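K.L.:
This is the structure I want to talk about, given as structure tokens.
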Amino acid sequence: MINLFNAQIESLSIHRVGNKNRGENMFVSASTFHLNDEIKPLIKEYFLKPFREKEESYYRFHHETDIEFNELYNLSNQIFDDPFNTHEYSKKIATLLYEQSTHPHIKSGEVYVVYFEGMQLDNEKVSAIGIFKSELKHDFLQFEQKQSNLEMIVQQGVNLQKLDKGAIIFNKNRDEGYKILSVDSNKYDTKYWLENFLGVDVLADENYFTKNYLNFAKNFAKDVVLPAEDKKQEVMFMNRSMDYFAKNDDFEESNYINSVIDNPALIPEFQNYKTEKAPKYKVEDLTNFPIANKAVTDARKKIKNVITLDTNIQIKMDFVNADSAEKFVEKGWDEDKQMYYYLVYFNKEEKK
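Shown next, in the form of structure tokens:
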């Protein structure tokens, strides 16, 4: 889990990288950029905001047998060992990115190499290297007073509300390849950023396992529980799943199955679904793993816990109190109206 609030920019280098295949050049700054009090909070927010809003899906440099061939890994080692010379290493990072900028879709842009102190990762303060790129330029208006009129001038610049590409390399787990977060707003050239430049693999940790298994469970609910039973049972299955993940420190599959599947007939269906779909959701060998609370919180925000009826009525379930729907919501059939109904029990209406 990360906390970026106290992160401090110790060094900022800015270079420009063109598309090598189109004959565009690169420009390397002679020295670091001096941040004044006006720019510092704006640029820090520009760099870090996307990482606070994104799920924490970590990467690492390719497996340790390949680390010595990853130039960016070696440059990261040098920066962490010698942070006062970050700017000199940043020139090599810009050159490395330029060498990978050959696909026709890749846009030229500014590359920012930042040395951070005060990052918090897994409750530990660490330094970090930030590599960011701004590509898309946006039109904006400037106004200039000339005699008795205001003149309107169109200019182009970087939108500080949207970072195009970025990676944070945390100074932790060097031997395994460092923990890395990445964002990319432009999905058409992801291979260029993640594979060719960063040279990373997904980090298979508890966050990765938890996220994948919850995604697998959500699709089992949609593909199997809903057709076999109804929308309420689909929602209830995910309610119980979220409840299990929220209340346990470790996942154990047989215990999970017994906790969340009410209908015994669905147990073999669950096992068959896992056999068939496990490679798609990358849960083939997942039967035991530590549960990552942050991944549970992120998944909770994405899972729909609403029953939508064709009579323009919605019933929203509560993941925090998962047993409430089981106790206080009943489904039935009305012979006179020839319609299904939900019966909801309550003591009083909450005035919110």
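Residue 487 is where the sequence shown starts when you use our numbering, and the numbers rise one by one after that. Just so it is clear, CB atoms sit at the ideal spot from N, CA and C, and this is done for glycine as well. Note that this is a predicted model, so its numbers are computed, not measured.
Given this structure, state the Cα-to-Cα distance separating I799 from K697, to the nearest angstrom.
P.N.:
I799 and K697: Cα-Cα distance of roughly 31 Å.
K.L.:
Please list, in chain order, all residues of the same chain as L534 whose beta carbon is under 7 Å from its beta carbon, the five residues on each side excluded.
P.N.:
Hits under 7 Å: L490, A493.
K.L.:
On the CB-based measure, 16 or more other CB atoms within 10 Å of its CB, does W679 come out buried or exposed?
P.N.:
When all chains shown are included, W679 counts as buried.
K.L.:
In this structure, does DSSP put T551 in helix, strand or coil?
P.N.:
The predicted position of T551 is uncertain, since its pLDDT is 47 and thus under 50; a value taken from the coordinates is nonetheless stated next. Correct three-state label for T551: helix.
K.L.:
Alpha carbon to alpha carbon, how far is H501 from A580? Give it in angstroms, no decimals.
P.N.:
Roughly 7 Å separates the two Cα atoms.
K.L.:
With H, G and I counted as helix, E and B as strand and the rest as coil, what does DSSP make of S727?
P.N.:
The answer is helix: DSSP assigns S727 an H, G or I state.
K.L.:
Can you list the alpha helix (DSSP H) stretches of 4 or more residues lying completely in the region 672 to 714, in chain order?
P.N.:
The region 672 to 714 contains these whole alpha helix (DSSP H) runs: 692 to 706.
K.L.:
Is the beta carbon of K506 closer than 8 Å to that of E585?
P.N.:
Their beta carbons are under 8 Å apart, which means E585 touches K506 by this criterion.
K.L.:
Measure the Cβ-Cβ separation of I655 and A614 and say whether it is below 8 Å.
P.N.:
Yes. Within cutoff.
K.L.:
Using the beta-carbon count (16 or more within 10 Å), is H573 buried or exposed?
P.N.:
Classification of H573: buried, given that the 10 Å Cβ count is 16 or more.
K.L.:
Determine the closest residue to A707 out of E739, N645, N791, Q641, with distance taken between C-alpha atoms.
P.N.:
Comparing Cα-Cα distances from A707 to each of E739, N645, N791, Q641, the minimum goes to N791.
K.L.:
Assuming S668 and A703 make a contact with CB atoms under 8 Å, what is their CB distance in whole Å?
P.N.:
About 26 Å separates the two Cβ atoms, so there is no contact after all.
K.L.:
Please classify D568 as buried or exposed, where buried requires at least 16 neighbouring CB atoms within 10 angstroms.
P.N.:
Exposed, by the Cβ-count rule.
K.L.:
For E681 and K733, what's the separation of their Cα atoms in angstroms?
P.N.:
The alpha-carbon atoms of E681 and K733 are separated by roughly 37 Å.
K.L.:
Among the residues of its own chain, which have a CB less than 8 Å from the CB of T551, if the five just before and after it don't count?
P.N.:
Caution is warranted here: a pLDDT of 47 is assigned to T551, below 50, making its placement in the model unreliable, and the coordinate value is therefore given only provisionally. Excluding positions up to five away in sequence, the list is empty.
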